[in-house]
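J.: Chains as they are written, first to last, in our numbering: chain R, 32 to 525; chain F, 1112 to 1238; chain Y, 468 to 956. Note that the Cβ used here is the ideal one computed from N, Cα and C, for glycine as well. As the structure is a computational prediction, the values presented were derived from the model and not from experiment. Supplied in structure tokens, the structure appears directly below.
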Amino acid sequence: MKEHAPVLIVVFPIMFAFITPLLGWIRKSLCYPWVILALSLSTICSLITLEEVMTGGVIHYYLGSWLPPWGIEYVVDHLNAMMLVIVSGAALLVAIYSRRSIEAELPGKMVYFYTIFLLQTTGFLGIVVTGDMFNLYVFLEIASLAGYTLIAIGEDGAPLASFRYIIMGTVGACFYLLGVGYLYMVTGSLNMADLATIIPLISDSKVVLTAFAFFMAGIAIKMALFPLHVWLPDAYTRAPSTSSALIAPLMTKISVYVMIRIFFTVFNPSFTVDVLPATDILLWLGTIAIFGGAIMALAQTDFKRMLCYIVVAEVGYMVGGIGVANSIAMQGAVLHLLNDAVMTLGLFIVAGIVTYQMKGHLLSDFNALFRKMPLTMVTFVVVALSVIGVPPTCGFFSKWYLLQGGIMAGAWGFVVALLLSSLINIILFFRIFELGYVFQSDGSHHDHGHGGFIHEAPASMLLPSVVVALGILAIGIYNQVIINNIITYVIPKF
Amino acid sequence: MIELIAGKYNYWIYIILMMIGFYAMIGKRNMVKKVIGMNIFQTSIILFYISIAFKKGATLPIIRETADHVAAAVEVSQYINPLPHVLMLTAIVVMVATLGVAIAILILIYRRYGTLEEDEILKKVKS
Amino acid sequence: METASVKPVLAIAVSLFGTLLIVAFRKKPNIRELCTFIIAFVKFGIIASMLPAVLAGSRLRCDLVDLLPGVGLAFRVDSLGLLFALVSSSLWIATSLYSVGYMRSLKEHSQTRYYAFFALALSSAVGVAFAGNILTLYLFYEMLSLSTYPLVTHHQDSEARFAGRKYLTYLMGTSIGFFLPAVILTYYFSGTLNFTEQGILTGAASDTMLTVVFILYILGIGKAAIMPIHAWLPSAMVAPTPVSSLLHAVAVVKVGVFSVLRICLHVFGPYMMHDLSLNVFLLYFVSATILLGSLFALKQDNLKARLAYSTISQLSYIVLGGGLAGIIGITGGILHIVMHAFGKITLFFCAGAIMVNTGLKNISEMRGIGRKMPVTMAAFFFGSLSIIGIPPLGGFWSKWYLALGCIQVDQIPILVVLLTSSLLNAAYFLPISYNAFFADQDRYSEVREAPLLTVIPPVFTALVSFLLFIYPGVFLDLAKMTAQALLGG
């Protein structure tokens, strides 16, 4: 059974997804434990896979026992294994958090929501675990379609935002498909490992270059790399809290993962770094993304929108780190994959809790929250400190490596961008802390006008938040353990 | 020059179709037209894949059996490549699903705003 | 000689645990205050128990998990760190007593939050004291900035909000913008961040780069209130007086100058400071702060503001000691940490006592108050003598050593600066005491002496200042040990 763990990770959510409507027809309240069961099984399989990769090396799993390069294979190396744990763990935490939120925001749609929720998770997990290029496209589209749906059922303006996302996202996926097609044309293979051996033989070909360009464009759209990020703020802001809590931490990071796979596993590092100036372009785009995201975030009055621009800036961190193209910066970028997923998860869960309690997610909804929801706000403070980059939270360490890598490579623009964005993050978050803290000049208090008093968040929402906060501290303090056991194997040889 | 166009006409066709679709997605104001443009965009890529599967003088990829029901040795250049066709079956399904989701969202938009013209919707949103 | 010990971690952890206890007992104020005291005594006890070992010449080490390759969360108790920790923890006891009196007299709100973050801040301060490498120091430095924010903005009015913003902007802006790059550059050049007696940067990079790193450190350690990064300190006076007294006269600003000393002495080292002329640069740079701080103090009418500018000036004395980079000078600078702490906290306590008792904040209104509050003003008088540096108060010793240190390294202009500043100190302190006792005012007919709990602490600290003159023993020994370990003999 253990050797089937890689495929079970994907099988559990999709099989359970098909059964969910049936269960919902029998009794609606069964869906919630069902989803948690599905994702727990998935997480357990991910952990088993991680453990196997750490002890035994790369796993090759042949679907249907068809050998590659004709069959589709799942390849799990250290990078995937880590990503699998992140994705399934994050989905599980969001699922635990979701019940109250969906009851409040989407009454009566719970069953179908959870169905698509599971499909979305399937898509994400499939993207991460597969070793076949076209299979990745299939899962990418599964994830994207589920995402469009989950976003469209949100508040006012959500269908429009989702529509724009459909247009841009489809273009992105189609570019990816074109890239696969071009590569297939000249290599005859769809298997990532196989391509890696064939491409160096034909690396002069213009077709290969075009494929590379299409990949870069397509993934940049999915990753919301500045300036192709325009779909992100509206989509994630208007989506229901659970959807944004699921999609925001994962979609962009998974796209970064796909970029790493394509740039460094399929095309080998020397091609990406030396033959093409791809990494230089990435470095510049990343730096601009950081500046752009940070400055736009300052201008927002809506909390979720501010978080969206922070996500855009964080993507800039990772892309810039890859663009610096030395092993320390790469280490920082990969660690940041983990850190940013956790941090964004925490931020959007807090946003969801605030939306649930205050029926809105503007900055002004944070008024006096330290007094009303102290524990939630404490977890928020921990996550915010991580985004700012204060030790010993995990955000500090990935920033350290990125800075160190940037200094070593002389990428001063990137270094300045990182420091500046830390300073801007301080402003962003302390603005909220000030609001939560209540400064009144006339001594009077205003409760938010719905009469009843607000108390601490419900346990099902608070638990994931606390887990995230503890995780941030743990990952920070033990970051060397993670790096030495997992990440060192991931870094390409530059 | 003629060689460039005539010899690679399948690429030209797909590029032109793709650009038409792209233009429709961006330039047209009616949302249904945008969705149609998206559809054309995706179709062009499907055509591209199919076109690369073709080989001159080749036939359908069904292996001819000899008299005693043993499959003959496969001469690859006589059969067109079936793999892109298979891949495109999947892509067509994806395309249809995307179409379905997009139209469902258009219904939501229509219910909310009463129109499917982008500029009118933006006016309503701003006010 | 280094021995492994878990005591440094215990000393820090005990007040972290205290924070939890304080929050747990938030409904029972008396037990909550009792927790603070018990924790403070335990902390002081643990720190004092390390004294014999350190005085005998050994250092206590505790290495926890590795945070970066080769750099971990590491603690090292040496003479300098122990000196600072002793000062902080002993003064926490005094300030807690004072806080109880102050907060209860004024019926302040959110007292649980106050005591809880106070304990957290003390953890951070001791964490800085015992940090074994720059990363650990940076970690606790930031923790201190964050845990003192709720204390500074305690009153939660618009003044507090503005002061809080200034506080964070200056402190976190400099720490992330300058301090962090300096740390990364240090790591990049030398591969390690541990504090050692020989410094870790010898030959690691070009002279220009090393100077740049040094300047980044000086600008980055905003808590040392070296001009121009000083404006946060007067603004932070909106905090309740016990906060001002401990944090701004002892913990926060002392963490700043302590960190600067650590960088000068144990990262760069006195020899490198000489070679790169960093010591001369530092001396002249802080002389400006010393003089300007005193000049600004003269102009202030608000008592706490005057004390704030006085602190800015006095802190640079400590940095000056590091800049002198000679045995006597370094000893003097380190000793001034102690003397200034006890002296200044006396002054702040008295300022708070006056405020609690009469509501007065401005010096011009305090004429004649000494006749009604004699004990308080007497303590004030002795405290100011210590700051000015007149025997029989302890401040005399630190200024004496600093002066001798100037002569030892042939920096006579700096000696002039020191003497001028002492004169200025007298000019802005003595009139306060004089007018308090001898000027005519009739407005205090109702005033009696301040509440007991706000009077005992300043009397206690003034007494200690006096005792430190007679017997500077322990602290002087620790200071001398530090200097000798660096320069030998």
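Who are the neighbours of proline 453 of chain R on chain Y, taking C-beta pairs under 7 angstroms?
T.: According to the sequence provided, residue 453 of chain R is serine. The question's proline does not apply to it. Counting only Cβ-Cβ distances below 7 angstroms, serine 453 of chain R has contacts in chain Y at Ile643, in chain order.
J.: Determine which residues of the stretch 623 to 654 of chain Y have a Cβ less than 8 angstroms from any Cβ of chain R, and write them out in chain order.
T.: Gln623, Asp624, Ser625, Ala627, Arg628, Gly631, Arg632, Leu635, Met639, Gly640, Ile643, Gly644, Leu647, Pro648, Ile651, Leu652 and Tyr654
J.: Give the DSSP bridge partners of tyrosine 93 of chain R, in chain order.
T.: Its beta-bridge partners are R/Glu104.
J.: When the Cβ atoms of the stretch 551 to 565 of chain Y are set against those of the stretch 530 to 537 of chain Y, are three or more pairs found closer than 8 angstroms?
T.: no
J.: Do you know how far the Cα of leucine 466 of chain R is from the Cα of histidine 479 of chain R?
T.: The pLDDT assigned to histidine 479 of chain R is 38, lower than 50, so where the model puts this residue is not dependable; a value taken from the coordinates is nonetheless given after this. Going by the C-alpha atoms only, they are around 13 angstroms apart.
J.: Got a sec? Which residues, its chain only, sit under 8 angstroms from leucine 1171 of chain F by beta carbon, not counting five neighbours each side?
T.: Tyr1190 and Ile1191
J.: Looking only at its chain, what residues have a beta carbon closer than 7 angstroms to the beta carbon of valine 490 of chain Y, apart from the 5 residues adjacent to it on each side?
T.: Thr579 and Ala583
J.: Compare the Cα-Cα distances from leucine 307 of chain R to each of R/Ile319, R/Lys237 and R/Met327 and report the closest residue.
T.: R/Lys237
J.: For chain F, is any of its Cβ atoms less than 9 angstroms away from the one on glycine 162 of chain R?
T.: no
J.: Compare the beta carbon distance of alanine 442 of chain R and glycine 354 of chain R with 9 angstroms and say whether it is the shorter of the two.
T.: yes
J.: Can you tell me which of the three DSSP states tyrosine 1125 of chain F falls into?
T.: helix
J.: Return the first residue and the last residue of the beta strand (DSSP E) that glycine 436 of chain R is part of.
T.: Unbroken run through glycine 436 of chain R is the alpha helix (DSSP H), 425 to 440; no beta strand (DSSP E).
J.: One question on the structure: do glycine 568 of chain Y and proline 924 of chain Y come within less than 9 angstroms of each other, judged by their Cβ atoms?
T.: The answer is yes: Cβ separation under 9 angstroms.
J.: Identify, in the order they occur along the chain, each residue of the same chain with its Cβ nearer than 8 angstroms to the Cβ of isoleucine 40 of chain R, setting aside the five sequence neighbours on each side.
T.: Answer for isoleucine 40 of chain R: Ser73, Cys76, Ser77, Thr80, Leu115, Ser119, Leu156 and Val160, listed in chain order.
J.: At the level of alpha carbons, what is the spacing between cysteine 425 of chain R and isoleucine 514 of chain R?
T.: Cα-Cα distance, rounded: 12 angstroms.
J.: Around the C-beta of glutamine 665 of chain Y, are 16 or more other C-beta atoms found within 10 angstroms, so that it is buried, or is it exposed?
T.: exposed
J.: Write down every uninterrupted run of the alpha helix (DSSP H) in the stretch 225 to 266 of chain R whose length is 4 residues or greater and which is fully enclosed by it, in chain order.
T.: List check, alpha helix (DSSP H) in window: 237 to 254.
J.: Can the beta-carbon of proline 1195 of chain F be found less than 9 angstroms from the beta-carbon of isoleucine 1163 of chain F?
T.: yes
J.: When you compare the CB of tyrosine 605 of chain Y with every CB in chain A, is at least one pair closer than 9 angstroms?
T.: Structure shown: chain A not included; protein chains present are R, F and Y.
J.: According to DSSP, is threonine 486 of chain Y helix, strand or coil?
T.: Collapsing the DSSP output to three states places threonine 486 of chain Y in a helix.
J.: Check the Cβ-Cβ distances between tyrosine 1134 of chain F and every residue of chain R, and say whether any is below 9 angstroms.
T.: no
J.: Under the three-state reduction of DSSP, which class applies to glycine 483 of chain R: helix, strand or coil?
T.: With a pLDDT of 43 at glycine 483 of chain R, under the threshold of 50, the modelled position of this residue cannot be trusted; read the value that follows with caution. Reduced to three states, the DSSP call for glycine 483 of chain R is coil.
J.: Taking DSSP as the reference, what is the three-state secondary structure of glycine 850 of chain Y?
T.: helix
J.: State the Cα-Cα distance for the pair glycine 548 of chain Y and leucine 602 of chain Y, rounded to the nearest angstrom.
T.: 16 angstroms
J.: In three-state terms, what does DSSP make of arginine 915 of chain Y?
T.: coil
J.: Using DSSP's beta-bridge definition, name the partner residues of alanine 471 of chain Y.
T.: In the DSSP secondary-structure assignment, alanine 471 of chain Y is bridged to Y/Arg528.
J.: From the DSSP output, in three-state form, read off arginine 543 of chain Y for me.
T.: strand
J.: Is the CB-CB distance between glycine 790 of chain Y and asparagine 824 of chain Y below 9 angstroms?
T.: no
J.: What are the boundary residues of the alpha helix (DSSP H) that arginine 195 of chain R is part of?
T.: 189 to 218
J.: Measure the CB-CB distance between alanine 266 of chain R and tyrosine 196 of chain R and report whether it falls below 9 angstroms.
T.: yes
J.: Quick check: what's the CA-CA separation for leucine 750 of chain Y versus histidine 803 of chain Y?
T.: Taking the straight line from one Cα to the other gives about 16 angstroms.
J.: Please identify the residue among R/Leu459, R/Leu366, R/Tyr387 and R/Gly507 whose C-alpha is closest to the C-alpha of alanine 488 of chain R.
T.: R/Tyr387
J.: Using a C-beta cutoff of 9 angstroms, does aspartate 768 of chain Y count as contacting chain R?
T.: no
J.: Please list the partners that glutamate 609 of chain Y has in chain R, where partner means a Cβ-to-Cβ separation under 7 angstroms.
T.: Val421 and Pro422
J.: Mind checking aspartate 396 of chain R: buried by the 16 CB within 10 Å criterion, or exposed?
T.: Aspartate 396 of chain R comes out buried.
J.: Got a sec? Which residues, its chain only, sit under 7 angstroms from tryptophan 882 of chain Y by beta carbon, not counting five neighbours each side?
T.: According to the sequence as given, residue 882 of chain Y is leucine; it is not tryptophan. Closer than 7 angstroms at the Cβ level, and outside the excluded window around leucine 882 of chain Y, lie Ala870, Cys873 and Ile874.
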